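*Asks:* Sending over a structure as structure tokens; questions will come in a sec.
Protein chains: 2
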Amino acid sequence: MSSIREIAKLAGVSPASVSIYLNDKKTSRVGAATKQRIDQAVKDLHYHKNIFASTLSLQESRIIGIIIPSKMPLFSNEYTNSLLSGVQSQLSNEGYSLLFFPSDARTSDEIVEQQIQRSTGCDGYILFSTGFCTQDHIEKNIMELQKTDKPFVTLNIPEMEQARLQVLIRDLEICSGTKYLLEKGHRNIALMLGRDGGMHARKLYHDHRSLLEHANVAFDPDTVVFGDYQAQRAYEQAKNLLTSFPHLTALNCMSDIMAAGAILAAKDMGLRIPEDISIMGRNNSLHARLSTPAITTIDLHIEDAGKSAAHLLLAAIDGSAVSQKILIPGTLIERDTVSTIA
Amino acid sequence: MSSIREIAKLAGVSPASVSIYLNDKKTSRVGAATKQRIDQAVKDLHYHKNIFASTLSLQESRIIGIIIPSKMPLFSNEYTNSLLSGVQSQLSNEGYSLLFFPSDARTSDEIVEQQIQRSTGCDGYILFSTGFCTQDHIEKNIMELQKTDKPFVTLNIPEMEQARLQVLIRDLEICSGTKYLLEKGHRNIALMLGRDGGMHARKLYHDHRSLLEHANVAFDPDTVVFGDYQAQRAYEQAKNLLTSFPHLTALNCMSDIMAAGAILAAKDMGLRIPEDISIMGRNNSLHARLSTPAITTIDLHIEDAGKSAAHLLLAAIDGSAVSQKILIPGTLIERDTVSTIA
DNA sequence: TTGTAGGCGTTATCAA
DNA sequence: TTGATAACGCCTACAA
Numbered sequence: 000m001s002s003i004r005e006i007a008k009l010a011g012v013s014p015a016s017v018s019i020y021l022n023d024k025k026t027s028r029v030g031a032a033t034k035q036r037i038d039q040a041v042k043d044l045h046y047h048k049n050i051f052a053s054t055l056s057l058q059e060s061r062i063i064g065i066i067i068p069s070k071m072p073l074f075s076n077e078y079t080n081s082l083l084s085g086v087q088s089q090l091s092n093e094g095y096s097l098l099f100f101p102s103d104a105r106t107s108d109e110i111v112e113q114q115i116q117r118s119t120g121c122d123g124y125i126l127f128s129t130g131f132c133t134q135d136h137i138e139k140n141i142m143e144l145q146k147t148d149k150p151f152v153t154l155n156i157p158e159m160e161q162a163r164l165q166v167l168i169r170d171l172e173i174c175s176g177t178k179y180l181l182e183k184g185h186r187n188i189a190l191m192l193g194r195d196g197g198m199h200a201r202k203l204y205h206d207h208r209s210l211l212e213h214a215n216v217a218f219d220p221d222t223v224v225f226g227d228y229q230a231q232r233a234y235e236q237a238k239n240l241l242t243s244f245p246h247l248t249a250l251n252c253m254s255d256i257m258a259a260g261a262i263l264a265a266k267d268m269g270l271r272i273p274e275d276i277s278i279m280g281r282n283n284s285l286h287a288r289l290s291t292p293a294i295t296t297i298d299l300h301i302e303d304a305g306k307s308a309a310h311l312l313l314a315a316i317d318g319s320a321v322s323q324k325i326l327i328p329g330t331l332i333e334r335d336t337v338s339t340i341a
Numbered sequence: 000m001s002s003i004r005e006i007a008k009l010a011g012v013s014p015a016s017v018s019i020y021l022n023d024k025k026t027s028r029v030g031a032a033t034k035q036r037i038d039q040a041v042k043d044l045h046y047h048k049n050i051f052a053s054t055l056s057l058q059e060s061r062i063i064g065i066i067i068p069s070k071m072p073l074f075s076n077e078y079t080n081s082l083l084s085g086v087q088s089q090l091s092n093e094g095y096s097l098l099f100f101p102s103d104a105r106t107s108d109e110i111v112e113q114q115i116q117r118s119t120g121c122d123g124y125i126l127f128s129t130g131f132c133t134q135d136h137i138e139k140n141i142m143e144l145q146k147t148d149k150p151f152v153t154l155n156i157p158e159m160e161q162a163r164l165q166v167l168i169r170d171l172e173i174c175s176g177t178k179y180l181l182e183k184g185h186r187n188i189a190l191m192l193g194r195d196g197g198m199h200a201r202k203l204y205h206d207h208r209s210l211l212e213h214a215n216v217a218f219d220p221d222t223v224v225f226g227d228y229q230a231q232r233a234y235e236q237a238k239n240l241l242t243s244f245p246h247l248t249a250l251n252c253m254s255d256i257m258a259a260g261a262i263l264a265a266k267d268m269g270l271r272i273p274e275d276i277s278i279m280g281r282n283n284s285l286h287a288r289l290s291t292p293a294i295t296t297i298d299l300h301i302e303d304a305g306k307s308a309a310h311l312l313l314a315a316i317d318g319s320a321v322s323q324k325i326l327i328p329g330t331l332i333e334r335d336t337v338s339t340i341a
């Protein structure tokens with residue numbers, strides 16, 4: 000591992016000159032001939048600057064820590080991946096790297112604590128929420144992050160007093176699938192949610208219920224089920240719902256993948272979609288487009304949310320943003336799984 | 000940003016004692032009373048060890064660099080995500096972090112060069128291949144990686160002399176979808192590939208062709224198309240193929256998503272699957288399972304491949320692996336999109 | 001135009 | 001049981 004000193008020796012100059020030249024190729028601080036010798040030495044010794052040493056010296060790493068408080072394997076969830084994709088593309092544009100930390104903890108608050116332990120030196124953080132995060136844990140996570148004295152933005156986490164920089168995906172806070180189904184004349188709507196205890200699922204539950212009540216529709220708690228975001232589970236739950244509540248005319252699913260599972264269930268029961276049963280997804284993922292029938296869904300603009308978060312964080316790092324909330328609204332995508340009821 | 004020195008001062012001990020204690024809580028090198036004072040100081044000052052400084056001192060970062068030579072946004076491709084998921088879960092178990100680098104370069108060789116530039120200090124690398132990588136570029140990438148003097152493993156890259164540590168997904172080298180279709184009696188098989196120029200696509204092309212020739216089936220180059228791995232493109236290409244070559248009985252697609260696009264095309268043309276046309280996918284992704292009809296596909300065990308790569312890299316880092324090739328075989332998953340031809 | 005010296009935070013060696 | 005000191009590789013202020 001060749002160091003700047005070896006380059007200096009080989010080129011017959013001082014380490015300072017090498018450093019200055021390599022950080023600013025067109026500096027006038029170093030002569031043309033010297034520059035050439037340095038270039039040659041760099042080539043000969045396969046020199047690359049050690050980011051750890053330079054971070055230590057500059058007190059700036061150009062690395063962003065990604066905090067995802069989940070015990071599931073990373074990169075296995077379409078939703079989080081889209082968020083990450085947005086974050087990465089934006090950060091990459093500005094020359095920032097992304098760091099993902101290990102953790103062997105069980106609960107989401109311990110995971111975050113461990114990850115922060117291994118993260119000192121990052122220039123900032125993005126905190127994701129997951130189905131595992133309870134309100135308590137998130138508050139703890141935010142406090143933990145605040146102690147680092149580095150900027151951070153919360154992404155896709157329900158509104159929180161404590162967080163200064165937030166990007167919110169609005170449709171996770173209002174249950175607009177239910178709203179749409181009501182407009183289409185549906186009155187018997189089941190709701191299929193993600194993990195119980197997750198903040199999003201809870202919020203959706205609450206809003207679903209009040210939307211129904213505002214529309215003077217009786218609310219039956221048994222028509223709301225919590226799952227695990229997986230198609231298989233949704234398949235089983237949809238079957239149960241459709242047999243237990245035959246008067247149901249619509250299933251509002253928290254994700255397209257759950258909707259796809261529900262569609263399979265309905266088909267297997269000999270029901271036609273949308274004539275016999277309407278099914279809403281959420282996300283506008285590829286599954287929604289490729290399904291037959293194509294799934295009516297809500298585009299959450301997840302990637303944009305990721306980009307916004309990255310953008311906001313960079314602004315905070317260079318000091319131009321102090322406190323800000325960005326709301327990403329959803330867009331209804333009407334396809335073939337919802338019928339109108341007279 | 001409190002340092003070990005401030006902790007030492009507050010606790011009334013030397014930095015050395017603090018360091019030793021924090022790295023080994025039950026050391027006998029530090030007295031019990033001292034330990035307590037250190038713990039208190041750590042709490043009071045929100046101290047976390049600076050990984051950059053510690054890396055510099057230990058010459059070990061416990062960070063693995065992930066090199067993905069693509070200009071597409073990361074985390075937006077199901078295939079790569081599964082690979083990454085395997086890599087991350089395995090590495091996380093052993094306490095390693097993952098680092099993703101930025102790049103604004105255009106070609107895959109420049110991307111890798113830039114990324115390596117920003118990576119010195121990582122303990123090792125995993126090099127991914129992408130549809131953008133030509134043979135030339137990959138060779139250059141490997142050479143570049145070798146110069147770092149750190150271990151690296153190539154993942155999902157066709158066999159390469161130069162690389163010492165490799166994990167190969169076997170089915171990307173033999174076109175087993177075509178083999179299966181031949182066994183099922185098909186003789187008129189079109190092949191729908193990913194990006195032209197990509198090494199995998201080329202290899203598949205070659206093997207498809209020789210499988211046909213071995214079976215004494217005439218090969219028509221016009222029945223092979225290159226795409227972009229996207230469903231939309233596959234949809235259009237499938238329509239073209241099915242109109243231009245009405246005698247076709249099967250479409251072998253390089254990915255499930257392309258297969259899903261092809262299925263949509265066939266349906267739109269009024270063809271029944273698999274009675275009128277058989278369609279093979281590859282990957283055994285969620286799309287294959289959720290599609291109607293469910294797609295017959297080849298499970299590539301992508302996540303396992305990622306885990307193997309991580310495992311191999313860790314073995315190389317601790318010196319127990321020097322040179323090794325791991326082959327991940329594919330498994331045929333028979334579902335509902337391929338018929339038998341008498 | 002160039003070199004010297006000190007510091008970034010942590011760790012390891014050696015002496016007390 | 002503890003403390004002083006040098007080293008990891010880079011950067012920058014200051015001196016030449």
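Protein sequence lines correspond, in order, to chains A and B. Take the first sequence: its letter number 340 is residue 339 in numbering that gives the first Met the number 0, and every next letter is one higher. Take the second sequence: its letter number 315 is residue 314 in numbering that gives the first Met the number 0, and every next letter is one higher. The C-beta atom is built at its ideal place from N, Cα and C for all residues, glycine as well. Being a predicted model, the structure only gives us computed values, none of them experimental.
Does Phe-218 of chain A have its Cβ less than 9 Å from a Cβ in chain B?
*Replies:* For Phe-218 of chain A, no CB of chain B lies under 9 Å from its own CB, so it is not counted at the interface with that chain.
*Asks:* State the Cα-Cα distance for the pair Gln-236 of chain A and Leu-144 of chain B, rounded to the nearest angstrom.
*Replies:* 50 Å
*Asks:* Excluding the 5 residues preceding and the 5 following Ile-316 of chain B in the sequence, name in chain order all residues of the same chain whose CB lies nearer than 7 Å to its CB.
*Replies:* Asp-122, Gly-123, Pro-150
*Asks:* Starting from the C-beta of Asn-80 of chain B, find all residues in its chain whose C-beta is less than 8 Å away, skip the five residues before and the five after it, and write them out in chain order.
*Replies:* Phe-74
*Asks:* Who are the neighbours of Tyr-95 of chain B on chain A, taking C-beta pairs under 7 Å?
*Replies:* Pro-101
*Asks:* Tell me, to the nearest whole angstrom, how far the beta carbon of Val-166 of chain B is from that of Ala-32 of chain B; I am working on the premise that it is less than 8 Å.
*Replies:* At roughly 52 Å, the Cβ-Cβ gap does not stay under 8 Å, so Val-166 of chain B and Ala-32 of chain B are not in contact.
*Asks:* Give me the residue from B:Ile-256, B:Asn-92, B:Glu-138 with the minimum Cα distance to Phe-127 of chain B.
*Replies:* B:Glu-138
*Asks:* For Phe-51 of chain B and Phe-51 of chain A, which I take to be in contact (beta-carbon distance under 8 Å), what is that distance rounded to the nearest angstrom?
*Replies:* So it is a contact: roughly 5 Å between Cβ atoms.
*Asks:* On the criterion of 16 or more Cβ atoms from any shown chain inside 10 Å, does Arg-28 of chain A qualify as buried, or is it exposed?
*Replies:* exposed
*Asks:* If I follow the unbroken alpha helix (DSSP H) through Lys-34 of chain A, where does it start and stop?
*Replies:* 31-44
*Asks:* Would you mind telling me which residues of chain A sit closer than 7 Å to Thr-119 of chain B, beta carbon to beta carbon, in chain order?
*Replies:* His-47, Lys-48, Asn-49, Ile-50
*Asks:* Under 9 Å between C-beta atoms, does Arg-163 of chain B make it to chain A?
*Replies:* No, Arg-163 of chain B lies away from the interface with chain A (no Cβ there is under 9 Å from its Cβ).
*Asks:* Which of the three DSSP states is assigned to Val-166 of chain A in this structure?
*Replies:* strand
*Asks:* Please classify Gln-35 of chain A as buried or exposed, where buried requires at least 16 other C-beta atoms within 10 Å of its C-beta.
*Replies:* exposed
*Asks:* Tell me whether Ser-301 of chain B is buried or exposed, calling it buried when 16 or more other Cβ atoms sit within 10 Å of its Cβ.
*Replies:* Sequence inspection shows Ile at residue 301 of chain B; the Ser mentioned does not correspond to that position. Buried, since its Cβ has 16 or more Cβ neighbours within 10 Å.
*Asks:* Check whether the Cβ of Ser-277 of chain B lies closer than 9 Å to any Cβ atom in chain A.
*Replies:* no
*Asks:* With respect to the beta strand (DSSP E) encompassing Lys-278 of chain B, which residues constitute its N-terminal and C-terminal limits?
*Replies:* The amino acid at residue 278 of chain B is misidentified as Lys; the sequence shows Ile. 277-279 is the extent of the beta strand (DSSP E) around Ile-278 of chain B.
*Asks:* Per the contact definition of three or more C-beta pairs closer than 8 Å, is the region 44-61 of chain A in contact with the region 211-228 of chain A?
*Replies:* no
*Asks:* If you run the structure through DSSP and keep just helix, strand and coil, what is Met-159 of chain B?
*Replies:* coil
*Asks:* I want to know whether the region 276-292 of chain A touches the region 176-189 of chain A - three or more CB-CB distances under 8 Å.
*Replies:* yes
*Asks:* Can you tell me whether Asn-282 of chain B is helix, strand or coil according to DSSP?
*Replies:* In the structure shown, Asn-282 of chain B adopts extended strand secondary structure according to DSSP, grouped into three states.
*Asks:* Assign Phe-127 of chain B to one of three DSSP states: helix, strand, or coil.
*Replies:* strand
*Asks:* Have a look at Gly-30 of chain A and Val-321 of chain B and give me their C-alpha separation to the nearest angstrom.
*Replies:* 44 Å
*Asks:* List, in chain order, every chain B residue whose beta-carbon is nearer than 9 Å to that of Leu-289 of chain A.
*Replies:* For the C-beta of Leu-289 of chain A, the chain B residues within less than 9 Å are, from N- to C-terminus, Ala-230, Ile-256, Ala-259, Gly-260, Ile-262, Leu-263, His-286, Leu-289, Ser-290.
*Asks:* What residue ranges within the region 229-292 of chain B form continuous beta strand (DSSP E) runs of no fewer than 3 residues, ordered along the chain?
*Replies:* Whole beta strand (DSSP E) segments, 3+ residues: 249-252, 277-279.
*Asks:* His-207 of chain A: buried (16+ other C-beta within 10 angstroms of its C-beta) or exposed?
*Replies:* buried
*Asks:* Could you tell me the distance, in whole angstroms, from the CA atom of Thr-153 of chain B to the CA atom of Leu-285 of chain A?
*Replies:* 29 Å
*Asks:* For Leu-90 of chain A, which residues in chain B fall below 8 Å Cβ to Cβ?
*Replies:* Pro-101
*Asks:* Considering only residues of the same chain and omitting the five flanking positions on each side of Arg-232 of chain A, which have a CB-CB separation below 6 Å?
*Replies:* Gly-226
*Asks:* Can you list, in chain order, the stretches of the alpha helix (DSSP H) that have 4 or more residues and sit fully within the region 67-137 of chain A?
*Replies:* 77-92, 107-116
*Asks:* Please classify Arg-281 of chain A: is it buried, with 16 or more other beta-carbons within 10 angstroms of its beta-carbon, or exposed?
*Replies:* buried
*Asks:* Taking Phe-218 of chain B as part of the beta strand (DSSP E), name the residues at either end of that continuous run.
*Replies:* First-last for Phe-218 of chain B: undefined, no H or E at that position.
*Asks:* Verify whether the separation of the beta carbon atoms of Gly-193 of chain B and Ser-254 of chain B is less than 9 Å.
*Replies:* yes
*Asks:* By Cβ distance below 6 Å, which residues in the same chain neighbour Gln-161 of chain A in space, the five residues on each side in sequence not counted?
*Replies:* Ile-141
*Asks:* At least one CB of chain B closer than 9 Å to the CB of Glu-302 of chain A: is that the case?
*Replies:* It does; some Cβ of chain B falls within 9 Å.
*Asks:* Less than 9 Å between CB atoms is the rule here; does Gln-39 of chain B satisfy it with respect to chain A?
*Replies:* no
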